[in-house]
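> Sharing a structure, written as structure tokens. Questions coming.
Protein chains: 2
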Amino acid sequence: MKSIRLLAECMQAFERLSGEHVRQCGLTHAQFDIIATLGNTPGMSYKELGEKTLITKGTLTGVIERLEAKGLVERERSADDKRSFFIRLTAEGERLFHEVFPQVVSQGGAVFAAYREEDFETLEKTLSGLKQTITAAGRQAD
Amino acid sequence: MKSIRLLAECMQAFERLSGEHVRQCGLTHAQFDIIATLGNTPGMSYKELGEKTLITKGTLTGVIERLEAKGLVERERSADDKRSFFIRLTAEGERLFHEVFPQVVSQGGAVFAAYREEDFETLEKTLSGLKQTITAAGRQAD
DNA sequence: TATTGTTATACTCTATAACTATA
DNA sequence: TATAGTTATAGAGTATAACAATA
């Protein structure tokens, strides 16, 4: 119970921190999610993108539209399945991802400046364990 | 960097899990935030509530309105400062908080069923450290 | 018939700024 | 003059459902 409170507080603190950066580069939370999900991938379909970001298809159309209007992503009809699109970052989108994402991610690394190698290991181990537990519980609920 | 990814993934997994429950009880994320913040407190002003939930006052008016319409919170003019309100959970709101919150929080405890006392300690220590680091970075940025 | 993505509707959240009533 | 909360506006995300094109 206390753990959940802490996790929630971490999330909130993290969101507060990242939220400022995200807005500074003119993106919304959902748009940033898309950019982050698309970063370091060759691209993917609406369906896949929706599953990864928890954004439903109806919403996705609008979000992608706005990102396309900003020139950050581009769509291409899939060759195999003509119903489907391939969405990928444009050069501009890639730039944003590589420039802004690391900044957002760690406020330039300042957040973790005080962390030693050992701390990182603990944190990673703890979080990956937590993640597994959470996702496992999610599957049970389905 | 990997830590942040993990944290983000935890957040997403957690949000997916809690989001379902939250919607099931007919609340939005913002509304749930308010209920959770108000739970186990005697109540607080709009200002305080806004600071804790990161919801701006303009938005808050609407959110509280909807919660009031649902009979989950009530407002009372403050005695000392007549501009100010005191918002607190109604009996119904308390009930929701005590019944639903723990469910949401741990999907009935299933999430942490496999956790031993030791694991909890590690997680709590790790998260509280992380929280401090994040909030400290936030203050630097102001 | 099932699936991918689009469109439409209605509601909620968000930022912002002008406004009121107290202080 | 400053602060607590309200109102108005415009943009964005959300759930849901009906729809077109393709499978």
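Residue numbers (full-length UniProt numbering), protein chains in the order written: chain A, 1 to 142; chain B, 1 to 142.
The C-beta atom is built at its ideal place from N, Cα and C for all residues, glycine as well.
1. Which whole-angstrom value is the C-beta distance of B:G43 and B:I87, which I expect to be below 8 Å?
2. By DSSP, does A:Q107 sit in helix, in strand, or in coil?
3. In whole angstroms, what separates the C-alpha of B:D33 from that of A:H29?
4. Taking the alpha-carbon positions, what's the A:V22 to A:T53 distance?
5. If the criterion is Cβ atoms closer than 8 Å, does the pair B:Q24 and B:L67 meet it?
6. Note down, in chain order, each residue of its chain lying with its Cβ closer than 8 Å to the Cβ of B:T56, except the 5 sequence neighbours on either side.
7. Short of 6 Å in beta carbon distance, which residues of its chain neighbour A:I35, apart from the five on each side in sequence? Order them along the chain.
8. With burial defined as no fewer than 16 other Cβ atoms inside 10 Å of the residue's Cβ, what is the status of B:G93: buried or exposed?
9. If you drop the 5 nearest sequence neighbours on each side, which residues of the same chain put their C-beta closer than 6 Å to that of A:L60?
10. So the alpha helix (DSSP H) B:R66 belongs to, where does it begin and stop?
11. Tell me the DSSP secondary structure of A:L27 in three-state form.
12. Look up residue 144 of chain A in the DSSP assignment and give the residues it is bridged to.
13. Just curious, the alpha helix (DSSP H) that B:G50 is in, first and last residue?
14. By how many angstroms is the C-alpha of A:N40 removed from the C-alpha of B:S84?
15. Ignore the nearest five residues each way along the sequence and tell me which others in B:A91's own chain have a CB closer than 7 Å to its CB.
On the basis of the supplied data:
1. 6 Å
2. With a pLDDT of only 46 at A:Q107, under 50, the local geometry of the prediction cannot be trusted, and the value read off the model is given with reservation. DSSP, read as helix, strand or coil, puts A:Q107 in helix.
3. 17 Å
4. 16 Å
5. no
6. G50
7. F97
8. buried
9. Here the set comprises Y46 and G50.
10. K57 to A69
11. A:L27: coil per DSSP, three-state reduction.
12. Chain A is shown from 1 up to 142; residue 144 of chain A falls before or after that span and cannot be answered.
13. Y46 to T53
14. 50 Å
15. none
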